């Protein structure tokens, strides 16, 4: 196993910090290339008039998922050493629902709001200011929501672990579902241009 | 001369390769809301005093290096790079603007309020969910994290369920 480079000692703590802006640069670059700095375009996702969000997001997800799976399979990347976010069922369901409502109202998500702001859109700055307020509010009421925040923990677990099938099956199902979604998306856009 | 946006699938594959590179180089993925959390924690510490912050379980994890922590925070550096990347891409494509983008039913002033309101909801939600569209949906989703897929499902279900009530904002 050669990677992750930080885990195998090839890349030290300073190197880790130095690649952060480079990876970020690519992140912002491709978000802008895809048009994801434009709020009305993103909001079109929720009205089936512009499915760019779905297309960019799921083609990115499938690319990274397949890449990570096969690099692990050929012995280059040890997936067990890649940080897997921990699962907390209820806080993530409720947090996700609040986030979805905010995404609909704000028209941008945290990453795309930064791209919007960087490309001269003031509404992107507004979303950034709102995000900071929302985080501040969460910290202010943490005494009251802390118990809920830590509730229903499942640990760092994958869907395939939970169901009890191999990772490869999960990867195949997500890939096929995404392809079906892409086909459906092109049909929807043909009906509602 | 303003160029058209790239094919969304091409942009998506590029984004996916950036995410894959992050897994390979640093064993972690992309993120955005975590950087906001780091900045808020440092701001609170600068204004309210570091002592009160280190006592708060919501803030302490972000302030390992004191008030200057964001300067050494991976996600903050990454998101600063994302702003530079977005700027460079738009600049080269002639897409830099100075505008407030909104739906036909709102004026610019109203749109600024909805952008702040939407941002606040997302900030609170992302803290509760431990991540946003970048850290949970993309990064965790591609690793098949159970919680990330719960986040994806809840986020889009909520957006679509509420969309008819928010028509005035965008249609």
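Protein chains in written order, with the numbering used here: chain A, 53 to 245; chain B, 4 to 174. Every residue gets a Cβ at the ideal spot worked out from N, C-alpha and C, and that includes glycine. Here the structure is a predicted model, which is why all the values come from computation and not from measurement.
Assign residue 173(A) to one of three DSSP states: helix, strand, or coil.
-> Numbered from 1 along the first chain, position 121 holds the residue referred to as residue 173(A). If DSSP states are grouped into helix, strand and coil, residue 173(A) belongs with the strands.
Assuming residue 162(A) contacts residue 28(B) (C-beta within less than 8 Å), just tell me the rounded distance between them.
-> Here residue 162(A) refers to the residue found at position 110 of the first chain. Here residue 28(B) refers to the residue found at position 25 of the second chain. That belief does not hold up - the Cβ atoms of residue 162(A) and residue 28(B) are roughly 22 Å apart, past 8 Å.
Report the residue ranges of all alpha helix (DSSP H) runs contained in full by the segment 54-132 of chain B; include only those spanning at least 4 residues, in chain order.
-> 77-95 and 111-132
Using the DSSP secondary-structure output, state which residues sit across from residue 185(A) in a beta bridge.
-> As a working mapping, residue 185(A) is identified with position 133 in the first chain. DSSP lists no partner for residue 185(A).
Show which residues of chain A have a CB atom less than 7 Å away from the CB atom of residue 97(B).
-> Counted from its first residue, the second chain places residue 97(B) at position 94. Residues of chain A passing the Cβ test: none, with the nearest at roughly 11 Å.
Which residue's Cα is closest to the Cα of residue 103(B): 96(B), 116(B) and 167(B)?
-> The residue you call residue 103(B) lines up with position 100 of the second chain. Nearest C-alpha to residue 103(B): 116(B).
Tell me, please, whether the segment 163-181 of chain A touches the segment 81-100 of chain B by the rule of three or more beta-carbon pairs shorter than 8 Å.
-> yes
Closer than 9 Å, Cβ to any Cβ of chain A: which residues of the segment 109-124 of chain B, in chain order?
-> 111, 114, 115, 116, 117, 118, 119, 120, 121, 122, 123 and 124
Span separating the alpha-carbon of residue 204(A) from that of residue 138(A) | The residue labelled residue 204(A) in the question sits at position 152 within the first chain. The residue labelled residue 138(A) in the question sits at position 86 within the first chain. Distance between the alpha carbons of residue 204(A) and residue 138(A) is about 11 Å.
Closest Cβ-Cβ distance between residue 179(A) and chain B: below 8 Å?
-> Within the first chain, residue 179(A) is the residue found at index 127, counting from 1. True, the Cβ-Cβ gap to chain B drops below 8 Å.
For residue 121(B) and residue 159(A), believed in contact at Cβ under 8 Å, the rounded distance = Counting from 1 along the first chain, the entry for residue 159(A) is found at position 107. Counting from 1 along the second chain, the entry for residue 121(B) is found at position 118. Contact flag correct, Cβ pair sits at about 7 Å.
For residue 142(A), the nearest candidate out of 123(B), 43(B), 158(B) and 39(B) (CA to CA) | Within the first chain, residue 142(A) is the residue found at index 90, counting from 1. Considering only alpha carbons, the answer is 158(B).
Can you tell me the Cβ-Cβ gap for residue 144(B) and residue 113(A), rounded? I've got them flagged as a contact below 8 Å.
-> In the second chain, counting from the first residue as 1, residue 144(B) sits at position 141. In the first chain, counting from the first residue as 1, residue 113(A) sits at position 61. Correct: roughly 5 Å between the Cβ atoms.
Identify each residue in the segment 111-125 of chain A for which the Cβ-Cβ distance to at least one residue of chain B is less than 8 Å, and report them in chain order.
-> 111, 112, 113, 114, 115, 116, 117, 119, 120 and 123
Do residue 134(B) and residue 184(A) have their CB atoms nearer than 8 Å?
-> For the purposes of this step, residue 134(B) is identified with residue 131 of the second chain, where counting begins at 1. For the purposes of this step, residue 184(A) is identified with residue 132 of the first chain, where counting begins at 1. The answer is no: Cβ separation not under 8 Å.
Between which two residues does the beta strand (DSSP E) containing residue 207(A) stretch?
-> Here residue 207(A) corresponds to residue number 155 of the first chain, with the count starting at 1. From DSSP, the beta strand (DSSP E) with residue 207(A) extends over 205-207.
Just by C-beta distance, which residues in the segment 58-92 of chain B are closer than 9 Å to chain A?
-> 59, 60, 61, 62, 75, 76, 77, 78, 79, 80, 81, 82, 83, 84, 85, 86, 87, 88, 89, 90, 91 and 92
Measure the CB-CB distance between residue 195(A) and residue 147(B) and report whether it falls below 8 Å.
-> To locate residue 195(A), count along the first chain from 1; it is residue 143. To locate residue 147(B), count along the second chain from 1; it is residue 144. In this structure, residue 147(B) does not lie closer than 8 Å to residue 195(A) by Cβ.
Hey, out of 68(A), 60(A), 107(A) and 63(A), whose CA is closest to residue 34(A)'s CA?
-> Given a span of 53 to 245 for chain A in the structure shown, any question on residue 34(A) remains unanswerable.
When you compare only the Cα positions, how much space is there between residue 31(A) and residue 72(A)?
-> Because chain A spans 53 through 245 in this model, residue 31(A) falls outside it and cannot be assessed.
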